[in-house]
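Undergrad:
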Amino acid sequence: LLLSVFMDDTSFPVGPDGICHPLNYANFNLQHTDCIKLYADRGGVWHGWDSLLWEHARLARESANCSSVQSCALGGLFLAMGAPMVPGHHEALFDLVRDGYWSRLSKKARKAQRRILA
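Numbering (the working numbering), first residue to last: 19 to 136.
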């Protein structure tokens with residue numbers, strides 16, 4: 019029960035194996051039957067809503083492949099600033115998908131910074 023409470027309080031709907039969360043860019047698939055219902059429950063379905071989510075997932079994928087401190091930082095900034103405008107988003111304190119994504123992005127930025135300083 020406790021886990022289900024946390025899973026309901028994510029920044030985006032998660033779905034099975036995180037398939038509906040755009041920061042889960044490797045497995046993101048809005049065509050999964052659960053995703054449309056989860057986004058509709060949050061009031062995030064209107065004409066063109068899915069293209070905004072696909073773009074957010076694309077930006078997450080591109081940012082995760084960053085190779086410089088600047089590109090990692092800019093990608094993270096655009097994702098953070100853009101998230102509130104993406105359908106289905108709401109602020110959440112606990113979001114394993116989001117937190118894992120930010121952790122990976124931060125590691126990539128530190129790795130790029132070490133390359134510069136070496």
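Virtual Cβ for every residue (Gly too), placed ideally from N, Cα, C.
Going straight from the alpha carbon of residue 119 to that of residue 91, what length do you get?
TA: 13 Å
Undergrad: Would a C-beta distance cut-off of 8 Å place residue 67 and residue 105 closer than the cut-off?
TA: yes
Undergrad: In the DSSP assignment, find the unbroken alpha helix (DSSP H) run with residue 60 in it and report its ends.
TA: Note, residue 60: premise wrong, no alpha helix (DSSP H); not H, not E.
Undergrad: So does the segment 45 to 58 actually touch the segment 83 to 102, counting three or more Cβ pairs closer than 8 Å?
TA: no
Undergrad: Indicate whether residue 130 and residue 87 have their beta-carbon atoms separated by less than 8 Å.
TA: Yes. Within cutoff.
Undergrad: Helix, strand or coil: how does DSSP classify residue 96 here?
TA: helix
Undergrad: Give the DSSP-derived three-state secondary structure of residue 107 in the structure shown.
TA: coil
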